[in-house]
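Trainee: Okay, here's the structure, questions in a sec.
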Amino acid sequence: MANFNCNMVYLFSLMMVFFWFGHFSASAFEFQVGGNKDWVVPPANDTKIYNDWASENRFQVGDTIRFHYKKDSVMEVTEAEYKKCNSTRPNFFSNTGNTVYTFDHSGSFYFISGAAGHCERGQRMTVKVMAAEEEDSPSGGDAKRSSGAAVSSVGVFKHVLVPFIMSYAVASVMF
3 MANFNCNMVY LFSLMMVFFW FGHFSASAFE FQVGGNKDWV VPPANDTKIY NDWASENRFQ
63 VGDTIRFHYK KDSVMEVTEA EYKKCNSTRP NFFSNTGNTV YTFDHSGSFY FISGAAGHCE
123 RGQRMTVKVM AAEEEDSPSG GDAKRSSGAA VSSVGVFKHV LVPFIMSYAV ASVMF
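Take 3 as the starting number for the sequence shown in this note's numbering and just add one per residue.
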């Protein structure tokens, strides 16, 4: 009888881990643009800083990016406007100093500063949001998703380890 209870607890524990891990992996992340850097004109010797940062991360539909800045703005524009560093009709515009942008579809997103001359000096960024097929592929994974999201390590603990520890505690009490 004790062996039956042990197997049931083990099965329950595994189900909890898979349920919570599945919930965790489907979660959206918030990324701070540039990591710990604000949305500012980059140094003259590092004008690709934002594109380098964006290429080091994996973005998925539902993820958000946060821009922190002072006396500036951020615009999401077309590729042609990105290349010209100019937009009179951006798809999105904000000058709040603390802007959050949510990716609602896969594909490329183009961001530029709305302040005169800033884009030309490197304050621009292209973000590629993965399609569902890329998310599920063995090489697509989300290995790099955590580099810009502070919530990731807490999320693993909260959504995977806590249920496992709780299941172990229940098993210990039952025996």
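Idealized CB from N, CA, C, for every residue including glycine.
So Ser-57 is in the alpha helix (DSSP H); what residue range does that whole segment cover?
Mentor: 51-57
Trainee: From the DSSP output, in three-state form, read off Tyr-112 for me.
Mentor: strand
Trainee: May I ask you to report which of helix, strand or coil DSSP gives Tyr-84?
Mentor: helix
Trainee: Between Val-76 and chain C, is any beta-carbon pair separated by less than 7 Å?
Mentor: Reference to chain C is not applicable here, since this structure consists of a single protein chain.
Trainee: Just verifying my parser: in three-state terms, what is the DSSP assignment at Asn-97?
Mentor: Assignment of Asn-97 by DSSP, reduced to helix, strand and coil, places it in the coil class.
Trainee: Taking C-beta to C-beta, are Phe-69 and Val-35 nearer than 7 Å?
Mentor: Less than 7 Å separates the beta-carbon of Phe-69 from that of Val-35.
Trainee: Please list, in chain order, all residues of the same chain as Tyr-71 whose beta carbon is under 7 Å from its beta carbon, the five residues on each side excluded.
Mentor: Only Asp-40, Trp-41, Val-42 and Gly-99 meet the Cβ criterion.
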